[in-house]
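First the structure, in the form of structure tokens, and then the observations on it.
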Amino acid sequence: MGRSVYITTPIPTLEEVGKRLKMSKARQQRLIEIVRGSGSGQFSVRNRDASGSLNGSSGNGSGATGDSARRKKSKRAAAS
Amino acid sequence: MPPRVSPDAVFVNIPYDERFRRLYLAYIVDLTMLGLEPRATLGIPGGERRLDRILALIQSCRYSIHDLSRVQLDRTPPCTPRFNMLFELGLAVTWAKLNPRQHSWFVFESRVRRVQKSLSDLDGTDPNIHDGTVEGVMQEICNAFVRSRARRPSVPEMIQTYRGLSRKLNAITAAAGAKSVFEARIFEDLCFAAKAATSRVRADFPRIPLRQITSRSRRTTFTRPGQDALQ
């Protein structure tokens, strides 16, 4: 059993991965569109600022991160 | 004659059930991000030749991961434990003993010291304990497979890719017309989608080293240089 192994082989490109999986171009394109397409499932980077609140959602169509943080802030302000 | 060994291929020997869905996706994302090629027994038909094909698959992989998280009795009657994963681990261990330069194997578990009880023949080997969490799988995969610093994806990058792909899982399954994520076609689709998502995430992390990772409840926070740490 190897406790850890050092990998030196190059990291394949997306095209190479598609070729290795023997996927058709159409199937590859369909998956790319699903993964990278716009909508609620897009990726976002969340950062916390000094006050501990979340900010900086980037490229996320839903904008859930910023909204929820703002809602929490306003709730806290209303409570106090 | 054994098949040619693929230097990047990893035989992923994990349970295929809905309760393991998150970790299944985590394994695919992590290995793909490390530039490795996950391979599984999904798609190998049953019958007489199945065992030969499984053995050929193990022989063609440079590495293998055996997740022994499911050693308990299956609820579906008749109640039996699953022996497939242990059996495949046995095949991999034998193959590695005969060809130590061609195969390395890793045992993953969710609980500490359980393997010592369930499979005491493995005494003296340290399993990678992932605690049954996605983050745990990512950390242990990174411990097992080491890349040079320049090419090594960070755990936050992995988590971000995982979350993005997790949200798209239903869309990917539906687009393929599959009923479950544990189908050969979906497995391939997920490997490719993980790679596509990786490119996307890497663009979000443009060569800025991540200094601090802090988990609060189920969220992970990424702190970049020049930004204050969590208070």
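Those sequence lines, one after another, are chains A and B. Mapped onto the numbering used here, the consecutive letters of the first sequence carry residue numbers 1 to 80. Mapped onto the numbering used here, the consecutive letters of the second sequence carry residue numbers 81 to 311. In this text, a Cβ means the ideal position worked out from N, Cα and C, and glycines have one as well. From a predicted model like this one, the values you see are computed outputs, not experimental measurements.
Drop a sphere of 10 angstroms on the beta-carbon of residue i, count the other beta-carbons inside from all chains shown, and report buried for 16 or more, exposed for fewer.
i       : result
G59(A)  : With a pLDDT of 43 at G59(A), under the threshold of 50, the predicted position of this residue should be treated as unreliable, and no value is reported.
G18(A)  : buried
V5(A)   : exposed
F163(B) : exposed
M81(B)  : exposed
N93(B)  : buried
Q240(B) : buried
A230(B) : exposed
G244(B) : buried
D147(B) : buried
E117(B) : buried
G115(B) : buried
E268(B) : buried
For residue i and chain A, any beta-carbon pair shorter than 8 Å?
i       : result
L199(B) : no
F262(B) : no
D88(B)  : yes
E117(B) : yes
K248(B) : yes
P305(B) : Interpretation of P305(B) is limited by its pLDDT of 45, a score under 50 that renders its predicted location unreliable; no figure is taken from the coordinates.
Y143(B) : yes
V226(B) : yes
A276(B) : yes
L111(B) : no
I221(B) : no
L178(B) : no
E268(B) : yes
I138(B) : no
R229(B) : no
P286(B) : With a pLDDT of only 48 at P286(B), under 50, the local geometry of the prediction cannot be trusted, and the value read off the model is given with reservation. So no, P286(B) is outside the interface.
S190(B) : no
I134(B) : no
D203(B) : no
L171(B) : no
F167(B) : no
D206(B) : yes
S184(B) : yes
Measure from the C-beta of residue i to each C-beta in chain B and report whether the shortest distance is under 8 Å.
i      : result
Q28(A) : yes
S74(A) : no
S24(A) : no
Can you check whether the CB of residue j is closer than 8 Å to the CB of residue i?
i       : j       : result
R155(B) : C141(B) : no
T9(A)   : D88(B)  : yes
L105(B) : S200(B) : no
V85(B)  : I145(B) : no
F188(B) : P158(B) : no
C271(B) : I108(B) : yes
R30(A)  : A255(B) : yes
C222(B) : V214(B) : no
H210(B) : S184(B) : no
I266(B) : T253(B) : yes
E168(B) : I124(B) : no
V261(B) : R101(B) : yes
L21(A)  : A276(B) : no
L103(B) : E263(B) : no
R181(B) : I7(A)   : no
I34(A)  : A274(B) : no
A136(B) : F186(B) : no
With DSSP as the reference, identify every bridge partner of residue i, one or two as the case may be.
i       : result
R119(B) : F91(B)
F225(B) : V5(A)
S86(B)  : C141(B)
Counting only runs of 3+ residues fully inside the segment 137-221 of chain B, write out the beta strand (DSSP E) ranges in chain order. 141-147 and 184-189
Write down every uninterrupted run of the alpha helix (DSSP H) in the segment 241-284 of chain B whose length is 4 residues or greater and which is fully enclosed by it, in chain order. 264-284
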